[in-house]
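Asker: Here the protein sequences come in this chain order: A and B. Counting from 1, one number per residue, gives the positions in the first sequence under my numbering. Counting from 1001, one number per residue, gives the positions in the second sequence under my numbering. Each residue gets a CB set at the ideal place from its N, CA and C atoms; glycine is no exception. The model shown is predicted, which means the values in this text are computed figures rather than measured ones. Below is the structure I would like to discuss, written out as structure tokens.
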Amino acid sequence: MPFAFELLLSALVLVGAVLTLIGSLGLVKLPDFYMRLHGPTKATTLGGGAILLVSVLYFSQKSGDVSLHEILITLFLFITAPVGAHLMAKAALHLKTKKVKRTGDYRGE
Amino acid sequence: MLEISLQIALLLVSIALIMSFYRLYVGPSAPDRILALDTLYVNTIGLLVIAGILLDSALFFEAALLIAVMGFVGTVALSKYLLRGDIME
């Protein structure tokens, strides 16, 4: 494996892992559900995408042709994350989950 | 070099998994727990893919794909249950 390619893969896998960690850190630290929804649905999805890209590049380089399994997972993850987040936000609004004052209320109460 | 960074990434993703477990345990509301489960699925996919590269095996992708599909179905089913009180109407 060429050195530059290995450097690229190492940097990308570290970026992916750090983004995943930031997403979970948001899940733990932020004060209410509507804020907590942001961490996992944005940062963690991007981190997962970066890690899967590393896998695509590594196995393509190893076998000599393009491996498509991981692209399938990436595509599925990127399509389903916003749908899941939308449904969870709707459920939380329906249950009138508690929010901090900073989150805001646009119903004019 | 790739092996060392893969091991560091494994450690970071494991810490992320523990954090999502914390949110799953503490709650406090039901949507919080669904969100924690959803994060757990995505983190597990990352963990499996990193383990697959580290062990140089392509066996892990089927497991990761299955977790991705079933995780999405689980999130949708739980959210629909909270939203409507029923999954299939």
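1) Would a check of beta-carbon distances place A:Gly64 closer than 9 angstroms to chain B?
2) Would you say A:Met88 faces chain C, with C-beta separation under 9 angstroms as the test?
3) Using beta carbons (cut-off 9 angstroms, strictly below), is A:Met1 in contact with chain B?
4) Can you list, in chain order, the residues of its chain whose CB lies under 7 angstroms from that of A:Gln37, leaving out five sequence neighbours each side?
5) Given that B:Tyr1022 touches chain A, what residues does it touch there, using C-beta distances under 7 angstroms?
6) Along chain A, which residues have their Cβ under 7 angstroms away from the Cβ of B:Met1019?
7) What residues in its chain sit with their C-beta under 6 angstroms from that of A:Thr41, if we drop five residues either side in the sequence?
8) What does a CB cutoff of less than 8 angstroms around B:Ile1067 pick up in its chain, not counting 5 residues either side in sequence?
9) Can you tell me which of B:Leu1011, B:Phe1061 and B:Val1069 puts its alpha carbon nearest to the alpha carbon of A:Ala17?
10) Interface residues of chain A around B:Met1001 at Cβ under 8 angstroms?
11) Taking all protein chains shown into account, decide if B:Asp1038 is buried (16 or more other Cβ within 10 angstroms of its Cβ) or exposed.
12) CA-CA distance, A:Lys99 and A:Ser10?
13) Determine whether the Cβ of A:Lys42 lies closer than 9 angstroms to any Cβ atom of chain B.
14) Where are the alpha helix (DSSP H) runs, 4 residues long or more, that stay fully inside the segment 3-40 of chain A, in chain order?
15) May I have the straight-line CA-CA distance separating A:Phe76 from A:Ala4, to the nearest angstrom?
16) At 4 residues or longer, and completely inside the segment 1021-1087 of chain B: list those alpha helix (DSSP H) runs for me, N to C.
17) Apart from the five residues on each side of it in sequence, which residues of its chain come closer than 7 angstroms, Cβ to Cβ, to A:Thr138?
Answerer: Straight from the coordinates:
1) By 1-based counting over the first sequence, the position of residue 64 of chain A is 64. Chain B contact via Cβ: absent.
2) Absent here is chain C; the protein component of the structure consists of chains A and B.
3) Start at 1 with the first residue of the first sequence, and residue 1 of chain A comes out as number 1. Yes, A:Met1 counts as interfacial toward chain B.
4) Here residue 37 of chain A corresponds to residue number 37 of the first sequence, with the count starting at 1. The question names Gln, but residue 37 of chain A is Leu in the sequence shown. Cβ within range, chain order: Ala85, Met88 and Ala89.
5) Mapped onto the second sequence, residue 1022 of chain B falls at position 22. Going along chain A in sequence order, the residues near B:Tyr1022 (Cβ under 7 angstroms) are Val28.
6) The residue you call residue 1019 of chain B lines up with position 19 of the second sequence. Going along chain A in sequence order, the residues near B:Met1019 (Cβ under 7 angstroms) are Ser24, Leu25, Leu27 and Val28.
7) Stepping through the first sequence from its first residue, residue 41 of chain A is reached at position 41. Excluding positions up to five away in sequence, the list reads Ala81 and Ala85.
8) Your numbering for residue 1067 of chain B matches position 67 in the second sequence. Counting only Cβ-Cβ distances below 8 angstroms, and skipping sequence neighbours, we find Tyr1041, Thr1044, Ile1045 and Leu1048.
9) In the first sequence, the residue the question calls residue 17 of chain A occupies position 17. Residue B:Leu1011 is the option with its Cα nearest to A:Ala17.
10) Walking along the second sequence from the start, residue 1001 of chain B turns up at place 1. Going along chain A in sequence order, the residues near B:Met1001 (Cβ under 8 angstroms) are Glu6, Leu7 and Ser10.
11) As a position in the second sequence, residue 1038 of chain B is number 38, starting the count at 1. When all chains shown are included, B:Asp1038 counts as buried.
12) Translated into positions along the first sequence, residue 99 of chain A becomes position 99. Translated into positions along the first sequence, residue 10 of chain A becomes position 10. Roughly 40 angstroms separates the two Cα atoms.
13) As a first step, residue 42 of chain A must be located in the first sequence, where it is residue number 42. With 9 angstroms as the cut-off, A:Lys42 does not count as an interface residue toward chain B.
14) 3-29 and 33-36
15) Reading the first sequence from its first residue, position 76 is the one you call residue 76 of chain A. Reading the first sequence from its first residue, position 4 is the one you call residue 4 of chain A. Rounded to whole angstroms, A:Phe76 to A:Ala4 spans 30 angstroms at the Cα level.
16) 1030-1054 and 1060-1084
17) Only positions 1 to 109 of chain A appear in this structure, which leaves residue 138 of chain A out of reach.
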